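Reminder that position 107 of the sequence shown reads as 107 in full-length UniProt numbering, one-by-one numbering, no gaps.
Every residue gets a Cβ at the ideal spot worked out from N, C-alpha and C, and that includes glycine.
Keep in mind the model is a prediction, meaning the values are calculated, not measured.
Heads up, the thing below is written out as C-alpha cells.
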Amino acid sequence: MALRSQQAWSGGVGGGAGGPLSFEAPRLAPVQPRTMVEQAAEAIVAAAARGAFLPGDRLVEAEIARDLGISRVPVREALRLLESQGIVNSTPYKGMRLMEVTNAGVAALMRVRLALETQAIGEALAQPNGALPMRFKRLGQAAEDYALAAQAGDPAAIVLADVSFHRELCRASGNAPLLALWQSLSRQLAVVWGLGRQGRDPAPAAREHAALVQALLAGDRHGAADALSDHVNWHQTFDFEAVLAERRGMAAAAVVAAG
1 MALRSQQAWS
11 GGVGGGAGGP
21 LSFEAPRLAP
31 VQPRTMVEQA
41 AEAIVAAAAR
51 GAFLPGDRLV
61 EAEIARDLGI
71 SRVPVREALR
81 LLESQGIVNS
91 TPYKGMRLME
101 VTNAGVAALM
111 RVRLALETQA
121 IGEALAQPNG
131 ALPMRFKRLG
141 QAAEDYALAA
151 QAGDPAAIVL
161 ADVSFHRELC
171 RASGNAPLLA
181 LWQSLSRQLA
191 VVWGLGRQGR
201 DPAPAAREHA
211 ALVQALLAGD
221 RHGAADALSD
231 HVNWHQTFDF
241 EAVLAERRGM
251 AAAAVVAAG
C-alpha cells in the first residue's frame, strides 16, 4: 500500500515491470513566504536608513522586539543574520552595534560596488541590441520609482528605491554570481546611503539614474560607465564622519532637552 502511494505520487514506476523505481522531484520548490527573521532584519535596516539607528549605535534585542511587537527569538536571529552580512558588529560585553561608517570604509565599499556595477554594464550590453529595451525595462521602472520616492521625501523609501535601482542594473547583466555578490553588499550600502541622505538632496541622483538608463538603451557602454562613475563620485566628496558627528550631537542635545 505504501509503495502504491509512492508510485502514485511520483507518476508511476520507471524501468518497466520489475525495474528500478523512479521518483520524480517536483519541478519547482514551493515558494516560502518571508520569514519573521527576514522581516525583522529588513525593519532594522530600514530604521538605520531613516536615521532611527546611527552607525555605532547599540541594538538592544529586547527594545527592538518590543517596538516590532514580536518575540525576542526572531530579533536575535535577525541580528545574527545582519552580523553575517557586515551590518551589525558583536563585541564582547558591549552587545550588538550597527556597523561603523568612516570615510575610508565608504571609499573601500564603493570601489567594490563600482567594479561590480561596471562589469554589469558590460555584460548587459554584450547581449544582442534588439533585446535592450526589454532587458532594461525593469531598470527604467526602478528609475521612475526612485524619482517618485525622492519627491515623497521618506529617507527609508528613498534608500530602498536606490537599492532596487542598482540591484536591477546588476540583474540586467544576466550574471547570477555578480548579482549575488552585489546583494551581499546591499544592506551595507543601505546604511551608508541612509546616513548620506541626511545631508544630500536626492533629486540629482534621480537625474543620474535617468541618464544611465538612456545610455544603456542607446547601447553606449562608455557613456553608461561614465554616467555610473559620475553617479558614484558623490561618495568621494561627502564627509560621512562629519554628518555622523553632527547627528550624534543632535541626538545628545535632544536627550538633554527631554531630561
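Between the Cα of residue i and those of the options, spot the shortest distance and give me the residue it belongs to.
i           : options               : result
residue 176 : 116, 44 and 210       : 116
residue 44  : 99, 221 and 114       : 99
residue 226 : 86, 90, 53 and 119    : 119
residue 264 : 160, 110 and 58       : Because the chain in this structure spans residues 1 to 259, residue 264 falls outside the shown range and cannot be described.
residue 314 : 256, 56, 121 and 233  : Because the chain is modelled from 1 through 259, residue 314 falls outside the range shown and cannot be assessed.
residue 192 : 218, 75 and 110       : 110
residue 246 : 188, 195 and 171      : 195
residue 107 : 236, 254, 202 and 127 : 236
residue 229 : 123, 112 and 252      : 112
residue 149 : 187, 197 and 232      : 197
residue 128 : 203, 174 and 232      : 174
residue 154 : 123, 164 and 202      : 202
residue 124 : 253, 84, 218 and 252  : 218
residue 167 : 158, 179 and 156      : 179
residue 56  : 42, 88, 72 and 49     : 88
residue 49  : 172, 151, 190 and 114 : 190
residue 204 : 64, 151, 42 and 63    : 151
residue 200 : 234, 257 and 209      : 234
residue 209 : 162, 172 and 251      : 162
Could you please give the first and the last residue of the uninterrupted beta strand (DSSP E) stretch that includes residue i?
i          : result
residue 88 : 88–91
In the DSSP output, which residue or residues are listed as bridge partners for residue i?
i          : result
residue 58 : 97
For the alpha helix (DSSP H) holding residue i, just list the boundary residues, first then last.
i           : result
residue 50  : 36–50
residue 167 : 155–171
residue 84  : 72–84
residue 214 : 203–217
residue 177 : 176–197
residue 141 : 137–152
residue 113 : 103–125
residue 224 : 221–232
Quick test of your reading: residue i and residue j, contact by CB under 8 Å. State the CB separation rounded to the nearest angstrom.
i           : j           : result
residue 54  : residue 248 : 6 Å
residue 126 : residue 74  : Their Cβ separation, rounded to whole angstroms, is 42 Å, which puts residue 126 and residue 74 out of contact at 8 Å.
residue 86  : residue 188 : 5 Å
residue 72  : residue 61  : 5 Å
residue 206 : residue 147 : 4 Å
residue 232 : residue 114 : 5 Å
Can a CB atom of chain C be found closer than 9 Å to the CB of residue i?
i          : result
residue 96 : Given the protein chain composition of this structure (a single chain), no chain C is represented.
>> Assess contact between the stretch 134–153 and the stretch 177–196, defined as three or more Cβ pairs (one per stretch) separated by less than 8 Å. Is contact present?
In response: With a cut-off of 8 Å, the stretch 177–196 and the stretch 134–153 do not count as touching, because too few Cβ pairs lie within range.
> Touching or not, the stretch 35–44 and the stretch 61–75, by the rule of three or more beta carbon pairs under 8 Å?
Replying inline: Yes, the stretch 35–44 is in contact with the stretch 61–75.
> Is there contact between the stretch 231–247 and the stretch 89–109, where contact requires at least three CB pairs shorter than 8 Å?
Replying inline: As far as the Cβ criterion goes, the stretch 231–247 touches the stretch 89–109, which means the pair count is three or higher.
>> Within 8 Å, do at least three Cβ pairs link the stretch 73–80 to the stretch 202–217?
In response: Between the stretch 202–217 and the stretch 73–80 there are fewer than three C-beta pairs closer than 8 Å, too few to call the two in contact.
> Do three or more CB pairs link the stretch 137–157 to the stretch 83–99 at distances below 8 Å?
Replying inline: Because the criterion of three Cβ pairs below 8 Å is not met, the stretch 137–157 and the stretch 83–99 do not touch.
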